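In my numbering, the protein residues as written are 483 to 768.
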C-alpha cells in the first residue's frame, strides 16, 4: 500500500473521529433533554390526577348568619372534585352557588398541602319577592315557594326555618317580572324615601305584567302610579296630602295617580268627598 493511500485513510479516519467528538455531546444533550421532557410530562400528569395530593380539609373562614355552617361543610366536601393541583376552583365555586341559595359569593384559597379555605358572602335580604311571570304560570307559586330579594336586586329561594319565616313575613313585599327585580328595588326604595314626608312607608310595591306600578302603604292605602312619570305623580300626591289635606291622609282608601295633571281619591268613609278628583287629566290605561 502506497504512502499516499495510507495518508488518505488517516485523514478520513480523523474526520470521522472529529465528527463523532462534535456530535456526541449534542446527541447526549438531546437524549437527556427528551428524557427530562418526557419525565416532566409524566410527572405533571401525575400531579393533576384526582388522587394525587387529595384535599383532606375544607375550612370555612367566616361566620354565617343565615346559612347553616354544617350544611355548607357537607356540600363543600362533596363538591371537592380533585386533588390540590387538579381541583377545578371555578367548578367548585359554581357547585356551592347552585346548591346553597343563601350564598351570593364564594372565595376559595388553596393551602399546601391538603387544605381549602372557603370564604362565603351571604345574600342580605331587603324584602320578600313575588315573581309575576312565575305567578302567571302557576297561581300557587307564591304559596309554595318563598322568594326573597337581596339588597343587590337578586331574587333567591332559600329554605327558611320557622323563626326566619316569621322574621321575613314582616318585611315589605316587592313584585314584578324577575328580570326587572333590580330596577323595581331601586324605584321602590326611592318611593319609600319620598313617603317619609307623610310619615308612611311601603308595604307592597311593584309592577304588573304590563309594567304598570302599584303600591300599598303601611296604613293600607292603595295607590296606582301607572306606567309613566311615576315619581313625578307621586311627589304631586305627597305635596297635596302633606300640606292641604294632611288631616285626611289616613282616610284615603284608594288613590289613582294615572292622570297627566292630577289624581283621584276614594275615601274610606262615604261622605261628600267620596270620589274626589283634583283634576280630570288624561288617564293612562293599564
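For glycine and all other residues, C-beta sits at the position ideal for the given N, C-alpha and C. Remember, it's a predicted structure, so these values are computed and weren't measured experimentally.
May I ask you to report which of helix, strand or coil DSSP gives residue i?
i	result
residue 515	helix
residue 737	strand
residue 746	strand
residue 732	helix
residue 713	helix
residue 751	coil
residue 720	helix
residue 661	helix
residue 692	coil
residue 447	Since the displayed the chain opens at 483 and closes at 768, residue 447 lies outside it and no answer follows.
residue 686	strand
residue 507	helix
Whose CA, out of the options, lies closest to the CA of residue i?
i	options	result
residue 654	661, 709, 711 and 629	629
residue 577	555, 669 and 593	555
residue 651	674, 610, 640 and 682	610
residue 547	669, 677 and 607	607
residue 559	550, 614, 568 and 574	574
residue 599	642, 537, 512 and 673	537
residue 742	713, 748, 727 and 724	713
residue 728	614, 631 and 682	682
residue 613	631, 646, 597 and 545	631
residue 691	545, 719 and 660	660
residue 562	718, 541, 746 and 642	541
residue 718	676, 669, 701 and 581	676
residue 580	568, 557 and 646	557
residue 586	549, 568, 593 and 594	549
residue 663	635, 744, 544 and 519	635
residue 582	543, 597, 594 and 641	641
What number of angstroms, rounded off, separates the C-alpha of residue i from the C-alpha of residue j?
i	j	result
residue 626	residue 658	Here residue 626 scores only 48 on pLDDT, less than 50, and its place in the model is too uncertain to base an answer on.
residue 679	residue 732	14 Å
residue 671	residue 533	52 Å
residue 765	residue 750	With a pLDDT of 34 at residue 765, under the threshold of 50, the modelled position of this residue cannot be trusted; read the value that follows with caution. If I take the Cα positions, the gap works out to 22 Å.
residue 722	residue 737	12 Å
residue 748	residue 734	6 Å
residue 726	residue 637	40 Å
residue 730	residue 694	26 Å
residue 649	residue 696	24 Å
residue 668	residue 615	19 Å
Please classify residue i as buried or exposed, where buried requires at least 16 other C-beta atoms within 10 Å of its C-beta.
i	result
residue 604	buried
residue 633	exposed
residue 639	exposed
residue 688	buried
residue 715	buried
residue 535	buried
residue 684	buried
residue 551	exposed
residue 645	exposed
Rounded C-beta distance between residue i and residue j? I'm assuming under 8 Å.
i	j	result
residue 739	residue 705	6 Å
residue 565	residue 531	7 Å
residue 590	residue 571	5 Å
Using a C-beta cutoff of 8 Å, does residue i count as contacting chain B?
i	result
residue 519	Chain labels in this structure do not include chain B; a single protein chain is all it has.
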